[in-house]
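Novice: Numbered continuously in the numbering used here, the sequence shown closes out at residue 490.
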Amino acid sequence: MAILSKEEVFAAAEAEKLWAGNLIPGHQGEGKRLPNVSPINNKRIGDIEAGTAADIDAAVKAARSSFVSGEWSRLSPGERKAVVLRWAELMEEHAEELAALDCVDAGKPITECLNTDMPATIDTFRWYAEAVDKVFGKISPTGPGALGLIVSEPIGVVGAVLPWNFPAQMYAWKVAPALAAGNSVIVKPAELTSLSAYRMTELAYEAGVPRGALTLVTGLGEEVGKALGLHPDVDVVSFTGSTEVGRLFLKYSAESNLKEIVLECGGKSPQVIFEDAELDGIENHVLAAAFWNMGENCSCGSRLIVHSSIKDAVLERLKAGLGKWKVGLPTDPETQIGPMVEKAHFDKVSSFLEDAKKQGATLVYGGRIHDTLGSGWYVEPTIFDNVKPEHRLFQEEVFGPILAVTTFDTEEEAIALANNSTYGLAASLYTSSLKRAQRVAAAIQAGTVSVNGFSEGDITTPFGGYKQSGFGGRDNGLEAFNQYLQLKTIWYMN
Ligand code: NAD
């Protein structure tokens, strides 16, 4: 398959030639299309196929038939590992192309796509390929009268429903462990960002993944996402997206076959800075947490909870640091802040700017809609001070570049503020005291807590939420296999 440079992808976007559609063996869809509009300049870059419930049904049939045939599910873990490693190699060869597709599709800065997203994506495939032949079963500690074997088996047909904010990486987080474990996987990418998923799936076939074991259905959530959620022959749906749509998947499951639902949903993550924190360089961590990927990040540290005695010093650092962040076209290698993913999302993010002012918060940085970059959906990185827990900006996920600042005076107050959220995905805390770090990390209700920095962990550590940020399993780490494997006890009696 031809390898495209980023310039060739940008030219194909300009010529409106980019395409993503269903990949289902032996099945032709209705051929309906949806225009694919880039947030960079609000221009059409091509089309995606508008999948239907019938396409989902065909994908499920292909997936089940592949699973039952054993063409993938009954390969030895070592054989699956070899294919997935070959796939990773192909993705590495196509890394620039895949990065450029995410750039034009989601408006993500090209440098981030090239240097962060693609290496992490490829690493994820390699890691699960290497891990899958090291998953051992167990023998129960029963007496000599019987032998209890506890083995893990692939569950069957897995639906992977993806968000638009890290298209290639979220594909990897779901598909790599699910497929390596021997399941048949049906991918439903976000309708706003299907391009890299389409290309990665084509590369999977080139690497030797059977076509029924990995299928792709593009199209609208309310059409194909819903059909996948309601399908009686899907065993698991692993969903990453908003808490609102996550709730719908629980309903779909209850109304159909009680399929397993794993939810990785939204967040409103706190960053807590104590008065004894080392302030030198702290802005780099705080700004990365709040503004990386334009704040379109589930673990975005969008609430800064800072001790009142150091608030001014911290804000000065943040303002100086943020002044160096370049807002611009995502195709420019210098850009750190690109556009919001689409007009509707831009409108939602912009509404927080107005509401925060109306509710009495103080604008300390940014606050404008960028109108100098043509017709894309750009919002300036923004900081509001004096945000109260009852404000919309403190409670609701913005998913954009807006940081809310709130002060505290005691550790107890800081913990209460950090936990004052329906979400519990991630948190950061800054302190020079090891004892305080241990105390507060234990008290914060979040799936990942970083101390003196911002991180989601890496591929070796499980990632997922407390409270309404999700449940049912974790992405990343060996723990991700648990979403896609079921336990069987085999009991031998004398
Ligand atoms: P979304 O919920 O709008 O969409 C996610 C997926 O669900 C898409 O594929 C979409 O097509 C599908 N969908 C939409 N409506 C549907 C419906 N009615 N029925 C079935 N499927 C439907 O989310 P998004 O806007 O793409 O992504 C942003 C959200 O994802 C944010 O809330 C963010 O925090 C969350 N997120 C979470 C994580 C995590 O690991 N916890 C990671 C990335 C993003």
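Idealized CB from N, CA, C, for every residue including glycine.
On the three-state DSSP scale, how would you describe Trp15?
Specialist: The residue you call residue 15 lines up with position 19 of the sequence shown. Here Trp15 sits in strand by DSSP.
Novice: If you follow the alpha helix (DSSP H) that Val64 is part of, which residue opens it and which one closes it?
Specialist: Here residue 64 refers to the residue found at position 68 when the sequence shown is read from its first residue. It spans Ala49 to Ser65 - the alpha helix (DSSP H) in which Val64 sits, taken as one unbroken run.
Novice: Taking its Cβ as the centre, do 16 or more other Cβ atoms sit within 10 Å of Ala7, making it buried, or is it exposed?
Specialist: Working through the sequence shown from its first residue, we reach residue 7 at position 11. When all chains shown are included, Ala7 counts as exposed.
Novice: Should Trp487 be labelled buried (16 or more other beta-carbon atoms within 10 Å of its own) or exposed?
Specialist: Indexing the sequence shown from 1 puts residue 487 at position 491. The residue is exposed, with fewer than 16 neighbouring Cβ atoms inside 10 Å.
Novice: Between Gln165 and Thr117, what straight-line distance do the alpha-carbon atoms span, to the nearest angstrom?
Specialist: Within the sequence shown, the letter at position 169 stands for residue 165. Within the sequence shown, the letter at position 121 stands for residue 117. Spanning the two alpha carbons is a distance of roughly 5 Å.
Novice: Please work out which residues of its chain come closer than 7 Å, Cβ to Cβ, to Gly317, disregarding the five sequence neighbours upstream and downstream, and give them in chain order.
Specialist: Here residue 317 corresponds to residue number 321 of the sequence shown, with the count starting at 1. Excluding residues within five positions, the ones whose Cβ falls inside 7 Å are Glu279, Asn280 and Leu283.
Novice: Less than 7 Å between the CB of Pro458 and some heavy atom of ligand 1, yes or no?
Specialist: To locate residue 458, count along the sequence shown from 1; it is residue 462. No, the beta carbon of Pro458 sits no closer than 7 Å to any heavy atom of ligand 1.
Novice: Along the chain, where does the beta strand (DSSP E) containing Ala423 start, and where does it finish?
Specialist: The residue given as residue 423 occupies position 427 in the sequence shown. Unbroken beta strand (DSSP E) run through Ala423: Ala422 to Tyr426.
Novice: Measure the Cβ-Cβ separation of Val171 and Ala55 and say whether it is below 8 Å.
Specialist: For the purposes of this step, residue 171 is taken as the residue at position 175 of the sequence shown. For the purposes of this step, residue 55 is taken as the residue at position 59 of the sequence shown. Not in contact: Val171 and Ala55 (Cβ atoms no closer than 8 Å).
Novice: Can you tell me whether Ser451 is helix, strand or coil according to DSSP?
Specialist: Walking along the sequence shown from the start, residue 451 turns up at place 455. Residue state, collapsed to three classes: coil.
Novice: Determine the closest residue to Pro335 out of Glu292, Thr402 and Lys353, with distance taken between C-alpha atoms.
Specialist: On the sequence shown, position 339 is the one that residue 335 refers to. For the residues Glu292, Thr402 and Lys353, the minimum Cα distance to Pro335 belongs to Glu292.
Novice: So the beta strand (DSSP E) Ser234 belongs to, where does it begin and stop?
Specialist: Counting from one through the sequence shown, the residue named residue 234 turns up at place 238. That run of the beta strand (DSSP E) goes Val232 to Thr236.
Novice: Tell me whether Thr112, by its Cβ, gets closer than 7 Å to a heavy atom of ligand 1.
Specialist: Here residue 112 refers to the residue found at position 116 when the sequence shown is read from its first residue. No, Cβ of Thr112 sits at least 7 Å from all heavy atoms of ligand 1.
Novice: Compare the beta carbon distance of Met290 and Pro397 with 8 Å and say whether it is the shorter of the two.
Specialist: Mapped onto the sequence shown, residue 290 falls at position 294. Mapped onto the sequence shown, residue 397 falls at position 401. Against a cut-off of 8 Å, the Cβ pair of Pro397 and Met290 comes out as a contact.
Novice: Round the Cβ separation of Glu271 and Ile301 to the nearest angstrom and send it over; I've been treating them as touching at under 8 Å.
Specialist: Numbered from its first residue, the sequence shown carries residue 271 at position 275. Numbered from its first residue, the sequence shown carries residue 301 at position 305. Rounded, the Cβ-Cβ distance is 12 Å, inconsistent with contact.
Novice: Give me whichever residues DSSP pairs with Val147 in a beta bridge.
Specialist: Here residue 147 refers to the residue found at position 151 of the sequence shown. Looking at the DSSP assignment, Val147 forms a beta bridge with Lys484.
Novice: If you count every other CB in all the chains shown that lies within 10 Å of the CB of Arg243, and 16 or more means buried, which is it?
Specialist: Sequence index remark: in the sequence shown, residue 243 carries index 247 (1-based). Answer is exposed; the Cβ neighbour count stays below 16.
Novice: What are the boundary residues of the beta strand (DSSP E) that Thr211 is part of?
Specialist: Taking the sequence shown and counting its residues from 1, the one referred to as residue 211 is at position 215. Unbroken beta strand (DSSP E) run through Thr211: Leu210 to Leu212.
Novice: I need the boundaries of the beta strand (DSSP E) containing Asp381, first residue and last residue.
Specialist: To locate residue 381, count along the sequence shown from 1; it is residue 385. Note, Asp381: beta strand (DSSP E), Thr378 to Asp381.
Novice: Report back the beta-carbon spacing between Trp160 and Asn472 to the nearest angstrom; my notes put them in contact at under 8 Å.
Specialist: Along the sequence shown, one-based indexing puts residue 160 at 164. Along the sequence shown, one-based indexing puts residue 472 at 476. The Cβ separation is near 19 Å, so there is no contact.
Novice: What does a CB cutoff of less than 6 Å around Leu30 pick up in its chain, not counting 5 residues either side in sequence?
Specialist: Here residue 30 corresponds to residue number 34 of the sequence shown, with the count starting at 1. Closer than 6 Å at Cβ, skipping near neighbours: Ile44 and Ala46.
Novice: Is Asp53 near ligand 1, in the sense that its beta carbon is under 7 Å from a heavy atom of that ligand?
Specialist: Your numbering for residue 53 matches position 57 in the sequence shown. Result no, Cβ not under 7 Å from ligand 1.
Novice: In the DSSP assignment, what are the bridge partners of Met114?
Specialist: If you number the sequence shown from 1, residue 114 lands on position 118. Answer is none; Met114 lacks a bridge partner.
Novice: Only counting the same chain, and skipping five residues up and downstream in sequence, which positions put a Cβ closer than 8 Å to that of Glu219?
Specialist: Along the sequence shown, one-based indexing puts residue 219 at 223. These residues qualify, in order along the chain: Ala46, Gly47, Thr48 and Ala49.
Novice: Give the secondary structure of Gln464 by DSSP, where H, G and I count as helix, E and B as strand, and everything else as coil.
Specialist: On the sequence shown, residue 464 is found 468 positions in, with the first residue counted as 1. If DSSP states are grouped into helix, strand and coil, Gln464 belongs with coil.
Novice: Taking 7 Å as the line, does the beta carbon of Pro35 fall inside it for any heavy atom of ligand 1?
Specialist: Taking the sequence shown and counting its residues from 1, one reaches residue 35 at position 39. Incorrect: Pro35 has no Cβ contact closer than 7 Å to ligand 1.
Novice: Can you confirm whether Ala142, when its beta carbon is compared against all beta carbons of chain B, has any partner nearer than 8 Å?
Specialist: No chain B is part of this structure, which consists of one protein chain only.
Novice: Count the CB pairs spanning the stretch 244 to 264 and the stretch 459 to 471 that are closer than 8 Å, and state whether there are at least three.
Specialist: Contact holds: three or more Cβ-Cβ distances are below 8 Å.
Novice: Quick check: is any heavy atom of ligand 1 less than 7 Å from the C-beta of Trp288?
Specialist: Within the sequence shown, numbered from 1, the residue matching residue 288 stands at position 292. Because no heavy atom of ligand 1 lies under 7 Å away, the Cβ of Trp288 does not count as near it: no.
Novice: So, do the stretch 244 to 257 and the stretch 218 to 233 have three or more beta carbon pairs nearer to each other than 8 Å?
Specialist: yes
Novice: On the DSSP letters alone, give me the boundaries of the beta strand (DSSP E) that Phe404 sits inside.
Specialist: Reading the sequence shown from its first residue, position 408 is the one you call residue 404. Start and end: Ile398 to Phe404.
Novice: Excluding the five sequence neighbours on either side, which residues of its own chain have a C-beta within less than 8 Å of the C-beta of Leu275, listed in chain order?
Specialist: In the sequence shown, residue 275 corresponds to position 279, counting from 1. Hits under 8 Å: Ile306, Ala309, Val310 and Arg313.
Novice: What number of angstroms, rounded off, separates the C-alpha of Pro228 from the C-alpha of Asp381?
Specialist: Indexing the sequence shown from 1 puts residue 228 at position 232. Indexing the sequence shown from 1 puts residue 381 at position 385. Taking the straight line from one Cα to the other gives about 50 Å.
Novice: For the stretch 316 to 389, which segments carrying the alpha helix (DSSP H) assignment without a break, of at least 4 residues, lie completely within its bounds, in sequence order?
Specialist: If we require 4 residues or more, the alpha helix (DSSP H) runs fully inside the stretch 316 to 389 come out as 339 to 354.
Novice: I'd like to confirm something about Thr331: is its beta-carbon nearer than 7 Å to some heavy atom of ligand 1, or not?
Specialist: The residue given as residue 331 occupies position 335 in the sequence shown. Checking every heavy atom of ligand 1 against the Cβ of Thr331, none is found closer than 7 Å.
Novice: Quick check on this structure: which residue in Val80, Ala203 and Leu158 has the alpha carbon closest to the alpha carbon of Ile182?
Specialist: Position 186 of the sequence shown, counting from 1, holds the residue named residue 182. With distances taken between Cα atoms, Ile182 lies closest to Leu158.
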